[in-house]
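Anchor point for the sequence shown: position 184 equals 185 in the numbering used here, and the numbering is continuous, going up by one each time. From the three backbone atoms N, C-alpha and C, an ideal C-beta is built for every residue, glycine too. Nothing here was measured: the structure is a model prediction, and the numbers come from that model. First comes the structure, then the notes that go with it.
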Amino acid sequence: MKKTTLAITALLIAGSLHANTIEYTNSISMASGVDSTFTLNKFDVTLGTLTGVYIAYWTQFEDLRVQVDNDSVAPQSGNVGFNCTLSSFSSSANNFGTINSLLLQVVRNQNYSLGATTSDAIGVFDAQPGSDDYRDWAPGTLTGFDDGDIASYGFSEYTGAGTYSVTINATMLTGIDFAGDSIYSKLNSPSSTWNGKVIYTYTPIPEPATASMMALAGLIALLARRHFMD
Ligand SMILES: [Ca+2]
Numbered sequence: 002m003k004k005t006t007l008a009i010t011a012l013l014i015a016g017s018l019h020a021n022t023i024e025y026t027n028s029i030s031m032a033s034g035v036d037s038t039f040t041l042n043k044f045d046v047t048l049g050t051l052t053g054v055y056i057a058y059w060t061q062f063e064d065l066r067v068q069v070d071n072d073s074v075a076p077q078s079g080n081v082g083f084n085c086t087l088s089s090f091s092s093s094a095n096n097f098g099t100i101n102s103l104l105l106q107v108v109r110n111q112n113y114s115l116g117a118t119t120s121d122a123i124g125v126f127d128a129q130p131g132s133d134d135y136r137d138w139a140p141g142t143l144t145g146f147d148d149g150d151i152a153s154y155g156f157s158e159y160t161g162a163g164t165y166s167v168t169i170n171a172t173m174l175t176g177i178d179f180a181g182d183s184i185y186s187k188l189n190s191p192s193s194t195w196n197g198k199v200i201y202t203y204t205p206i207p208e209p210a211t212a213s214m215m216a217l218a219g220l221i222a223l224l225a226r227r228h229f230m231d
């Protein structure tokens, strides 16, 4: 009887020690050349003992599109592109070099060789399939991303009430660069967001119900022992 009770008690303790995770995410729209800041929750120590901090930050660009049409009788080549360059990156919680801010930048260029203009009028897009003088660049979602784990000596930066803030300042430019003239173009700058995620791994403090069960198990053990003694 006693052995069985001890086994149950051990099982309850083991059950209360499994790692839990809690995740927070946030996002804010970015404008070129100004500070963009989001906040993420710190770890609430009343939940348990913190054993891991994973952070991920990323810039994201959607709906970027550049159309170019050669209206010259001479073929010409050039580039279309998008460039997000960081002016600054900072966090009120030290990441101890876990985040390489250069990886949050996005530089994407596409070279096009446009044929001589076809029968299309000047100032319109010759969007016929296979038209040699027109290109439509829509690279889809672009992301500058870095992530990593915070070493345990840095946990205090991510612990406590409230939030910590992460700020980026980036210059964003959508552009074209063709050597010749008579390029008709339309540039759709992307919608830009600054995003973050933090995942805390922790060992929870046993819940009152679990603690009661453990106390009950101990009481049963005690009663069983007294029963044998009687
Ligand atoms: Ca044309």
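Verify whether the separation of the beta carbon atoms of residue i and residue j is less than 8 Å.
{"i": "F39", "j": "N27", "result": "yes"}
{"i": "Y159", "j": "I169", "result": "no"}
{"i": "N42", "j": "T172", "result": "no"}
{"i": "G149", "j": "I56", "result": "yes"}
{"i": "S186", "j": "D72", "result": "no"}
{"i": "E24", "j": "P191", "result": "no"}
{"i": "N80", "j": "Q111", "result": "yes"}
{"i": "S166", "j": "S78", "result": "no"}
{"i": "R109", "j": "P130", "result": "no"}
{"i": "N84", "j": "L143", "result": "no"}
{"i": "D133", "j": "D70", "result": "no"}
State the start and end residues of the unbroken beta strand (DSSP E) segment that holds residue i.
{"i": "F39", "result": "36-42"}
{"i": "A57", "result": "49-63"}
{"i": "Y165", "result": "164-179"}
{"i": "D70", "result": "66-71"}
{"i": "S191", "result": "Here the sequence assigns Pro to residue 191, which means Ser is not the residue at that position. Here P191 belongs to no beta strand (DSSP E), and DSSP marks it neither H nor E."}
{"i": "I29", "result": "21-30"}
Going by the C-beta, is residue i closer than 7 Å to any heavy atom of ligand 1?
{"i": "D121", "result": "yes"}
{"i": "D133", "result": "no"}
{"i": "P127", "result": "Just to set this straight, residue 127 is Asp in the shown sequence, not Pro. Because some heavy atom of ligand 1 lies under 7 Å away, the Cβ of D127 counts as near it: yes."}
{"i": "D72", "result": "yes"}
{"i": "T118", "result": "yes"}
4-residue-minimum alpha helix (DSSP H) runs that sit fully inside the stretch 87-149, ordered along the chain | none
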